[in-house]
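One structure below.
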Amino acid sequence: MRKKFSKKVFILLLTFANLVVGYSLCRQLMNIRHESEVKIDAYAFDKNVKKSQKKIYPDLSELDHLSILVSISQQKMIVYSGNKVIFKTKVSTGAKETPTPTGKFAIEAERGEFLYDDSLNRGACDWVSFKDHGGYRFESLPTDWKGKILKGESKKLERLVQMAMLDFQKKMQNGFLKTCQRE
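Right, here's the structure in full:
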């Protein structure tokens, strides 16, 4: 009887130990995953990170229910998947004389790798329309006719939402979003 009892106790203790170890490992994995996500978010949105090259770009083609919120007051664009923030970046919106429209819009079919407006003497290396079939666009920072960034031109924008070229190119490569919302 004592042998059977000790075998049963031993098996129970072994089972309990396995459960404790399994639970502990599971908690550690969950904590590691959570810490990784927090680090990625903190790294991607850190105010000290100034260059687009240091950002982590999500693969938008793998996400559902994508939308964009552009804050004109904060000059920021936020990409969402459902209610979860996926990506943030700084933008420049239209000047007071030619403001970026507010409302809810869908990304249109018009897009391109380069455009140049002789009357304004500036262009953009990448763009995609969100209203009036090219009249209102997301685009890279202003460039000259050779594609070189024109510093200080962002403040003279007309109806556009402009962002760093790398930010824009990553979004174009990842299948730019189908809807966008302005505040």
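Take 1293 as the starting number for the sequence shown in the numbering used here and just add one per residue. Quick reminder that beta carbons are idealized off the backbone N, C-alpha and C, glycines included.
field: Residues that DSSP places opposite residue 1371 in a beta bridge
entry: To locate residue 1371, count along the sequence shown from 1; it is residue 79. 1360 and 1379, per the DSSP bridge assignment.
task: Assuming residue 1428 contacts residue 1393 (C-beta within less than 8 Å), just tell me the rounded distance between them.
output: Taking the sequence shown and counting its residues from 1, one reaches residue 1428 at position 136. Taking the sequence shown and counting its residues from 1, one reaches residue 1393 at position 101. Residue 1428 to residue 1393, Cβ: 6 Å. Contact.
message: Taking 9 Å as the threshold (C-beta atoms), are residue 1405 and residue 1421 in contact?
response: Sequence index remark: in the sequence shown, residue 1421 carries index 129 (1-based). Sequence index remark: in the sequence shown, residue 1405 carries index 113 (1-based). For residue 1421 and residue 1405, no; Cβs fall outside 9 Å.
- request: Report the rounded CA-to-CA distance for residue 1437 versus residue 1396, giving the unit in angstroms.
  value: Along the sequence shown, read from residue 1 onward, the residue named residue 1437 stands at position 145. Along the sequence shown, read from residue 1 onward, the residue named residue 1396 stands at position 104. Separation of residue 1437 and residue 1396 (C-alpha to C-alpha, rounded to the nearest whole angstrom) is 32 Å.
field: Neighbourhood of residue 1441 by C-beta, 6 Å cutoff - its chain only, sequence neighbours within 5 removed
entry: Numbered from its first residue, the sequence shown carries residue 1441 at position 149. Same-chain partners within the cutoff: 1433 and 1435.
- request: Measure how close the beta-carbons of residue 1360 and residue 1377 come, nearest whole angstrom, since I'm counting them as under 8 Å.
  value: The residue labelled residue 1360 in the question sits at position 68 within the sequence shown. The residue labelled residue 1377 in the question sits at position 85 within the sequence shown. About 11 Å separates the two Cβ atoms, so there is no contact after all.
task: Please go through the same chain and pick out, in chain order, the residues whose beta-carbon is closer than 7 Å to the beta-carbon of residue 1357, but skip the five residues on each side of it.
output: The residue given as residue 1357 occupies position 65 in the sequence shown. Once the five neighbours on either side are set aside, the close Cβ partners of residue 1357 are 1373 and 1374.
message: Taking the beta carbon of residue 1398 as the centre, do at least 16 other beta carbons fall within 10 Å, making it buried, or is it exposed?
response: Indexing the sequence shown from 1 puts residue 1398 at position 106. Classification for residue 1398: exposed.
- request: Report the option in 1417, 1400 and 1352 whose CA atom is closest to the CA atom of residue 1379.
  value: The residue you call residue 1379 lines up with position 87 of the sequence shown. Nearest neighbour of residue 1379 by Cα position, chosen from 1417, 1400 and 1352, turns out to be 1352.
message: In whole angstroms, give me the CA-to-CA distance for residue 1430 and residue 1307.
response: For the purposes of this step, residue 1430 is taken as the residue at position 138 of the sequence shown. For the purposes of this step, residue 1307 is taken as the residue at position 15 of the sequence shown. Straight-line Cα distance between these residues: approximately 59 Å.
- request: Report the option in 1408, 1381, 1368 and 1413 whose CA atom is closest to the CA atom of residue 1546.
  value: Summary: the structure shown does not reach residue 1546, with the chain confined to residues 1293 through 1475, and so no result is reported for it.
task: Would you mind working out which of 1400, 1414 and 1389 sits nearest residue 1425, comparing C-alpha positions?
output: Counting from one through the sequence shown, the residue named residue 1425 turns up at place 133. The candidate whose alpha carbon is nearest that of residue 1425 is 1400.
- request: Note down, in chain order, each residue of its chain lying with its Cβ closer than 7 Å to the Cβ of residue 1407, except the 5 sequence neighbours on either side.
  value: By one-based count along the sequence shown, residue 1407 stands at place 115. Closer than 7 Å at the Cβ level, and outside the excluded window around residue 1407, lie 1415, 1416 and 1419.
field: 8 Å CB neighbourhood of residue 1302 in its chain, flanking five on each side removed
entry: On the sequence shown, residue 1302 is found 10 positions in, with the first residue counted as 1. Closer than 8 Å at Cβ, skipping near neighbours: no residue.
message: Mapping the DSSP letters down to three states, classify residue 1407 as helix, strand or coil.
response: Taking the sequence shown and counting its residues from 1, the one referred to as residue 1407 is at position 115. In this structure, residue 1407 counts as strand in the three-state DSSP scheme.
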